Amino acid sequence: MRGNESTRLNENGALFVDFDGTLVEIAPRPDAVVLPAGMVQLLATLHTRLGGALAVVSGRPIAQLDAFLAPLSLPAAGLHGAERRSASGVVTRLTPADLTQVVADLQALAAVHAGLLVEPKPGAVALHYRLAPDCELLAQQVMQAALQRSPGMVLMHGKMVIEMKPAAASKGRAIEAFMAEPPFAGRRPLFAGDDTTDESGFAVVQAAGGIGIKVGPGPTQARHRLDTPTRLHAWLQACADQTLEPS
Ligand SMILES: [Mg+2]
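Just remember that the working numbering sits 987 ahead of the position in the sequence shown, which is counted from 1.
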C-alpha cells in the first residue's frame, strides 16, 4: 500500500468497493470477467465483521452484481449510483431516460466497425472499444453527438469505454446516501476503485476523513494506491484475517 496514512480497515469502518478493475480484472468483454476464487466468501466475512457496512458501488446494474456475487445480496449502488439498494434492502432508482434511439444508432455503428461493443443498460449506455482501440476518436465523436440530443445525461470516459449516464447519478452521491443510513452512518468510510467514475467516491470518503484507494495506474485524487485487483484482494484478505480490529 502506497500512501501516508493509516489504512487499516477496522471494525468501525465502512467498506465501499467498485467491481470491474477493482474486485475483478477487466475482461475483453464485460460478460467475460471472472471472480477470483474465494472472493464471495471474503466479502461475506467482511460484511459480517463490519456489521453489514459493506457495499459494492459499480457502473453495472445491481442485478448483474448479484449474479456474480450469488448467494450474496450486498448493499449495492449500480449504474454509477442511478440505482441503489440500502442495507435494509430498499431499492431506489432514478427514472431511466429513454435511450432507445441512441442505442439503435450505436448498434448500427457497431455493426460496421468490428470490435465496437454496445452495452445497453437501464437509463444508460456504454460504448466499449477495447477490442477496437483505433476507434477511440470515432467513439468519442459519436457519443458526443448522442449527448447533444440526450438532456440530463453526461459522458464518462473510462478504460476503453465511453458511457452515457444520468447527470444526477454519481458514485460519490451513492456513498453519501449510504453514509446517511445505518449501519454505515458514523463509520469511517473506505472506497477502492480503479477508474474515472470512482473519483467522485474518493472525494466523498476523503472529505469524511476516510480512505480512498486507487487500484492500478493513472492520475487520481485517492491518497492510496494498490497496483492490481490481486493486491487489493490480498489486502482485504489480510484485513479479514488479522488487522480487522478496533482502532
Ligand atoms: Mg472499475
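Cβ coordinates follow ideal geometry from the N, Cα and C atoms, glycine included. Remember, it's a predicted structure, so these values are computed and weren't measured experimentally.
Proximity test, residue i beta-carbon vs ligand 1 heavy atom, cut-off 8 angstroms
i            : result
residue 1003 : no
residue 1184 : yes
residue 1188 : no
residue 1181 : yes
residue 1007 : yes
residue 1045 : yes
residue 1159 : no
residue 1197 : no
residue 1110 : no
residue 1145 : yes
For residue i, the nearest candidate out of the options (CA to CA)
i            : options                : result
residue 1131 : 1106, 1093, 1167       : 1093
residue 1024 : 1041, 995, 1055        : 1055
residue 1128 : 1109, 1070, 1149       : 1149
residue 1082 : 1109, 1181, 1096       : 1109
residue 1105 : 1207, 1017, 1203, 1185 : 1017
residue 1119 : 1147, 1133, 1033       : 1147
residue 1049 : 1107, 1040, 1061, 1154 : 1061
residue 1005 : 1177, 1135, 1091, 1226 : 1177
residue 1087 : 1220, 1207, 1107       : 1107
residue 1085 : 1073, 1210, 1140       : 1140
residue 1216 : 1204, 1227, 1209       : 1204
The alpha helix (DSSP H) enclosing residue i, as first and last residue numbers
i            : result
residue 1123 : 1123-1135
residue 1186 : 1186-1194
residue 1142 : Counting along the chain, residue 1142 falls outside any alpha helix (DSSP H), though it belongs to the beta strand (DSSP E) covering 1140-1145.
residue 1220 : 1216-1225
residue 1034 : 1026-1036
residue 1056 : 1049-1056
Cβ separation of residue i and residue j, assumed to be a contact under 8 angstroms, to the nearest whole Å
i            : j            : result
residue 1162 : residue 1078 : Wrong, their Cβ atoms sit about 17 angstroms apart, outside the cutoff.
residue 1145 : residue 1182 : 5 angstroms
residue 1179 : residue 1151 : Residue 1179 to residue 1151, Cβ: 25 angstroms. No contact.
residue 1212 : residue 1198 : With 8 angstroms as the limit, residue 1212 and residue 1198 do not qualify as a contact, their Cβ atoms being about 11 angstroms apart.
residue 1029 : residue 1224 : 6 angstroms
Residue range of the beta strand (DSSP E) that includes residue i
i            : result
residue 1108 : 1104-1108
residue 1250 : With the chain represented from 988 up to 1234, any question about residue 1250 goes unanswered, as that position is not in the structure.
residue 1042 : 1041-1044
residue 1115 : 1111-1115
residue 1213 : 1211-1213
Exercise for the section: With a floor of 3 residues, list each beta strand (DSSP E) that falls wholly inside the region 999-1024, ordered by position along the chain. Expected result: 1000-1004, all fully within the region 999-1024.
Exercise for the section: Output the residue ranges of the alpha helix (DSSP H) runs that lie fully inside the region 1145-1184 and measure 4 residues or longer, sorted by chain position. Expected result: If we require 4 residues or more, the alpha helix (DSSP H) runs fully inside the region 1145-1184 come out as 1158-1166.
Exercise for the section: Quick one: which unbroken beta strand (DSSP E) runs of 3-plus residues sit fully inside the region 1066-1097? Chain order, please. Expected result: For secondary structure counted as the beta strand (DSSP E) over 3 or more consecutive residues, the region 1066-1097 holds these complete runs in sequence order: 1070-1072, 1078-1080.
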